[in-house]
Amino acid sequence: MDELAKKVQEKYIEDLTSKYPLHRFLILFMVIFFMLTYQNGNVDIYNILNQTSLKEVFDFQGGVLSELSMLQLMQALIISLILNSSHKKINFSIF
84 MDELAKKVQE KYIEDLTSKY PLHRFLILFM VIFFMLTYQN GNVDIYNILN
134 QTSLKEVFDF QGGVLSELSM LQLMQALIIS LILNSSHKKI NFSIF
């Protein structure tokens, strides 16, 4: 029974990662992170990364991502879709 559960879990993970590649989530996360920190008035990337801890980033109760509004999430999704489609077009035209 445990083997069957492991097989189903592996199949589910493979289906999920084949539809939604991890680099898209990374791009979306980066866009959201820098949108929120830019909103606070901090524009220096090195300063932003230096002041932010991982615990603060992944804390959904009082961290960076808890300040995200629905409008910002939709803007980040649109920006990441534009970045992904432009990457595909550039990659296709070069290679």
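In the numbering used here, the protein residues as written are 84 to 178.
We put the CB at the ideal spot given by N, CA and C, even for glycine.
Taking buried to mean at least 16 other C-beta atoms within 10 Å of its own C-beta, is residue i buried or exposed?
i	result
L119	buried
A159	buried
I115	buried
Can you give me the Cβ contacts of residue i inside the same chain, cut-off strictly under 7 Å, excluding the 5 residues immediately before and after it?
i	result
R107	S163, N167
Report yes if the CB atom of residue i is closer than 7 Å to the CB atom of residue j, and no otherwise.
i	j	result
S152	F143	no
Leaving out five residues before and five after residue i in sequence, what residues of the same chain have Cβ atoms less than 8 Å from its Cβ?
i	result
I110	S163, L166, N167
G146	K138, E139, V140
With a cut-off of 8 Å, do at least 3 Cβ pairs link the segment 125-143 to the segment 168-176? no
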